[in-house]
Amino acid sequence: MPKPEKHVFVCTQSRPMGHPRSSCGEKKCAEIMEEFLWQVQQRELFNRFQVTATGCMGPCSEGPSVLVYPEGVMYGGVKKEDVATIFDEHLLEDKPVESLLVDKEFWS
Ligand code: FES
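Using my numbering, count along the sequence shown one by one with no gaps and you end on 125.
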C-alpha cells in the first residue's frame, strides 16, 4: 500500500441525545463520511488519499469535524456539499478551505 499524500479523519462520534457536548453524530456526520468515500471512489484517488472514520477530536460544538494531515487542518460544520470543495481545493491543490476552518482558538 502506498503511503497516502494526505489522510482525512472524519469524526463519527455519537452521544446520547441531550448530552452537554453534543456530537458530530447528531449533525449528519455519517453522510460526510459516505461522501468522502464516494469522492475517493469516483475520482479514483485510492492511492493518494486515505479516509478514516474516527471518534471525537475535540470541537464537538462545531461538528461535523474533519481533520486533514499532514497539515493538521481542522474543519468544522462540514456539509455534504463541502466535501467536493475540500477535495478540489485542499487535497488536490494544497489550499485549505478558509471558510470551513474551526475557530483559531481551538488549537491554542
Ligand atoms: S463529537 Fe465530533 S469532534 Fe467531538
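We put the CB at the ideal spot given by N, CA and C, even for glycine.
Which residues bound the beta strand (DSSP E) around residue i?
i, result
"Leu84", "Val83 to Tyr86"
"Met91", "Val90 to Tyr92"
"Phe26", "Lys23 to Cys28"
"Val95", "It is not in any beta strand (DSSP E) - Val95 carries neither H nor E in the DSSP assignment."
"Phe66", "Phe66 to Thr71"
Could you check if residue i belongs to the surroundings of the ligand FES, using beta carbon to heavy atom distance under 7 Å?
i, result
"Pro76", "yes"
"Gly94", "no"
"Gly89", "no"
"Ser40", "yes"
"Gly35", "no"
"Gln30", "yes"
"Ser125", "no"
"Ser82", "yes"
By a C-beta neighbour count over all protein chains shown, 10 Å radius and 16 as the cutoff for buried, is residue i buried or exposed?
i, result
"Glu98", "exposed"
"Thr58", "In the sequence as displayed, the identity of residue 58 is Gln instead of Thr. With fewer than 16 other Cβ atoms within 10 Å, it is exposed."
"Lys44", "buried"
Pick helix, strand or coil for residue i, following the three-state DSSP scheme.
i, result
"Leu117", "helix"
"Phe123", "helix"
"Cys104", "The identity of residue 104 in the sequence shown is Phe, whereas the question assumes Cys. Phe104: helix per DSSP, three-state reduction."
May I ask which residues mark the beginning and end of the alpha helix (DSSP H) holding residue i?
i, result
"Val57", "Cys46 to Arg60"
Taking contact to mean 3 or more Cβ pairs, one atom from each stretch, closer than 8 Å, check whether the region 98-118 and the region 69-77 are in contact. Below 8 Å, too few C-beta pairs join the region 98-118 and the region 69-77 to call them touching: fewer than three.
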